[in-house]
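As you go down the protein sequences, you meet chains C and Z in turn.
Here the first sequence stands for residues 33 to 178, numbered as in our numbering.
Here the second sequence stands for residues 33 to 178, numbered as in our numbering.
Quick notes on the structure that follows.
There are 2 protein chains.
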Amino acid sequence: MFSKACKYAIRALIYLASRSEEPEKTGLREIAAEIDSPEAFTAKIMQILSKQNLVNSAKGPHGGFFIDTHAPEIKLIDVVKAIDGTQSIYGCGLGLKSCSETEPCPIHHEFSAIRNGLANLLKEQTIQQLARELKAGKSVLKHHLN
Amino acid sequence: MFSKACKYAIRALIYLASRSEEPEKTGLREIAAEIDSPEAFTAKIMQILSKQNLVNSAKGPHGGFFIDTHAPEIKLIDVVKAIDGTQSIYGCGLGLKSCSETEPCPIHHEFSAIRNGLANLLKEQTIQQLARELKAGKSVLKHHLN
DNA sequence: AGTAATAAAGACCTAATTATCCTTTATTAG
DNA sequence: CTAATAAAGGATAATTAGGTCTTTATTACT
Ligand code: FES
Ligand code: FES
Chain C
33 MFSKACKYAI RALIYLASRS EEPEKTGLRE IAAEIDSPEA FTAKIMQILS KQNLVNSAKG
93 PHGGFFIDTH APEIKLIDVV KAIDGTQSIY GCGLGLKSCS ETEPCPIHHE FSAIRNGLAN
153 LLKEQTIQQL ARELKAGKSV LKHHLN
Chain Z
33 MFSKACKYAI RALIYLASRS EEPEKTGLRE IAAEIDSPEA FTAKIMQILS KQNLVNSAKG
93 PHGGFFIDTH APEIKLIDVV KAIDGTQSIY GCGLGLKSCS ETEPCPIHHE FSAIRNGLAN
153 LLKEQTIQQL ARELKAGKSV LKHHLN
């Protein structure tokens, strides 16, 4: 569905948002530990998110990543587009060159309904909203099994 | 969503089914041409489908692939499972080790609804049914743009 | 000024997926 | 029996995704 990078990105952002009233920034190491992702790879992803202005960063001691609490909330679709591009959301389910209403693939009708449902979910849900539910203990960002 | 191999597999099977009242078998070359897929790669995929008994094959002159018209119709989910496995259908949308109702990821609730919709689609739709719509001119298996 | 902490950037590596090629085996027509 | 045909199978190449490492830039604290 989404690439691993994209999944890590969403988890990282939700974690960041979940502690964004803290004035302290959050370091890479902590993020990776809390979402159970490979540190160096997560760094790459954070770089992309930072360049796309989905997250802010500060170098140096006590530096780290943070989300601007005054900026508008981040929609999931913005994250997916930044990491995976649009093809994953709007492409044909059977791999035709494009999804087309006039030259539809055999599953177009049913599939596009589902895909639109997914796209709507991504447009409606925000990182911050999911972060609030996380803080309320309604969800988790990793499974510890050992 | 699905791997390329899986998309080719579904397209190939639909094409095969669409001409399965023809007693003649269909060669690899024709299949690949009709669904616009790389020939050798398609051969590999057909091998898998053949081993999983989703398709039959015959060697030699006038050989090729065919679908047993007396066997029960092939559900899309059987194809997806054969090529991509089950994780793509049942895994957590944010990449947690497993999708769990009791330890849900932040998007579990909304996402699993959509994923179940997709799973239902795959369970309900059959290759043969889609092939009939293809023959009725309601859909296409490739786009020619040149 | 000097040092430690931290993200940014780029080079690099590894694994999986996608794709091609070539040889072997089975089948059929003649 | 032979030649032609077509799938099966194995080896390998190319591409993409996933992941690591090293160096550089920036900042805070002494
Ligand atoms: S054409 Fe395949 S999903 Fe729309
Ligand atoms: S736990 Fe993530 S989708 Fe169910």
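Ideal placement from N, C-alpha and C gives every residue a C-beta, glycine not left out.
Model, not experiment: these values are computed from the prediction.
Measuring alpha carbon to alpha carbon, tell me which residue in the options is nearest residue i.
i	options	result
E133 of chain Z	C:A49, C:F143, C:S144, C:V172	C:V172
L150 of chain C	C:A90, C:H94, C:K167, C:K107	C:K107
H141 of chain Z	C:R61, C:Y40, C:K170	C:K170
I77 of chain Z	Z:C124, Z:I42, Z:E54	Z:I42
L86 of chain Z	Z:K36, Z:A72, Z:K167, Z:I159	Z:I159
G123 of chain C	C:P104, C:E54, C:S144	C:S144
L128 of chain Z	C:E156, C:S69, C:P104, C:E62	C:S69
G117 of chain Z	Z:A75, Z:I80, Z:A90	Z:I80
I46 of chain Z	Z:H175, Z:S120, Z:F98	Z:F98
Y109 of chain Z	Z:L154, Z:G96, Z:I67	According to the sequence displayed, residue 109 of chain Z carries Ile and not Tyr. Minimum Cα distance to I109 of chain Z is reached at Z:L154.
G96 of chain C	C:E56, C:A65, C:Q119	C:E56
Name, please, each residue of chain Z whose Cβ falls closer than 7 angstroms to the Cβ of residue i.
i	result
M33 of chain C	M33, G125
I80 of chain C	Those do not exist, as I80 of chain C stays about 17 angstroms from chain Z at its closest Cβ, beyond 7 angstroms.
Note down, in chain order, every chain C residue with its Cβ under 8 angstroms from the Cβ of residue i.
i	result
P70 of chain Z	Within 8 angstroms Cβ-Cβ: nothing; P70 of chain Z doesn't reach chain C, min ~12 angstroms.
K107 of chain Z	Going along chain C, no residue has its Cβ under 8 angstroms from K107 of chain Z, so there is no contact; the nearest lies around 13 angstroms.
Could you tell me if residue i is buried or exposed, where buried requires 16 or more neighbouring beta carbons within 10 angstroms of its beta carbon?
i	result
F34 of chain C	buried
D100 of chain C	exposed
A44 of chain Z	buried
S5 of chain C	For residue 5 of chain C there is no data in the structure shown, the boundaries of chain C being 33 and 178.
G92 of chain C	exposed
R61 of chain C	exposed
A90 of chain Z	exposed
I75 of chain Z	A small fix is needed here, since residue 75 of chain Z is Ala in this sequence, not Ile. Burial call: exposed.
A49 of chain C	buried
Compute the Euclidean distance between the alpha carbons of residue i and residue j, then round it to the nearest angstrom.
i	j	result
A181 of chain C	Q84 of chain C	The question about residue 181 of chain C has no answer here: the residues shown for chain C are numbered 33 through 178.
C137 of chain C	L162 of chain Z	10 angstroms
L166 of chain Z	C38 of chain Z	19 angstroms
C131 of chain Z	G125 of chain Z	8 angstroms
F73 of chain C	R51 of chain C	22 angstroms
H94 of chain C	I63 of chain C	14 angstroms
T214 of chain C	E156 of chain Z	This structure gives no information on residue 214 of chain C, because the portion of chain C shown stretches from 33 to 178.
A103 of chain Z	V112 of chain Z	19 angstroms
N152 of chain Z	I121 of chain Z	10 angstroms
E54 of chain Z	K36 of chain C	44 angstroms
N88 of chain C	H175 of chain C	27 angstroms
R147 of chain Z	I139 of chain Z	11 angstroms
E71 of chain Z	Y40 of chain Z	11 angstroms
Q119 of chain Z	Q119 of chain C	21 angstroms
A168 of chain C	E135 of chain C	47 angstroms
I67 of chain C	E105 of chain C	21 angstroms
A65 of chain Z	A65 of chain C	49 angstroms
R164 of chain C	R164 of chain Z	49 angstroms
Name, please, each residue of chain Z whose Cβ falls closer than 8 angstroms to the Cβ of residue i.
i	result
I146 of chain C	I146, G149, L150, L153
H175 of chain C	L128, K129, S130, S132, E135
Residues of chain C with a CB under 7 angstroms from the CB of residue i: which are they?
i	result
I46 of chain Z	P138
E165 of chain Z	P138
R51 of chain Z	Under the 7 angstroms cutoff, chain C gives no residues; its nearest Cβ is about 14 angstroms from R51 of chain Z.
L162 of chain Z	P138, I139
K42 of chain Z	Correcting the residue type first, residue 42 of chain Z is Ile in the shown sequence and not Lys. What I42 of chain Z touches in chain C: L126.
K24 of chain Z	This structure does not reach residue 24 of chain Z, given that chain Z is present from 33 up to 178, and the question cannot be answered.
Give me the chain Z residues within the contact set of residue i, using Cβ-Cβ distance strictly less than 9 angstroms, ordered along the chain.
i	result
S171 of chain C	E135, P136, C137, P138, I139, H140, H141
K36 of chain C	G127
Interface residues of chain C around residue i at Cβ under 9 angstroms?
i	result
Q119 of chain Z	Here the premise fails: no neighbours, minimum Cβ distance about 11 angstroms.
Q157 of chain Z	P138, I139, E142
K57 of chain Z	By Cβ distance, chain C contributes nothing, its closest Cβ being about 22 angstroms from K57 of chain Z, past 9 angstroms.
In chain order, which beta strand (DSSP E) runs of at least 3 residues are fully inside the region 66-146 of chain Z? 88-90, 96-98
To test your reading of the DSSP string, which unbroken beta strand (DSSP E) runs of 3 or more residues are found completely within the region 34-59 of chain Z? none
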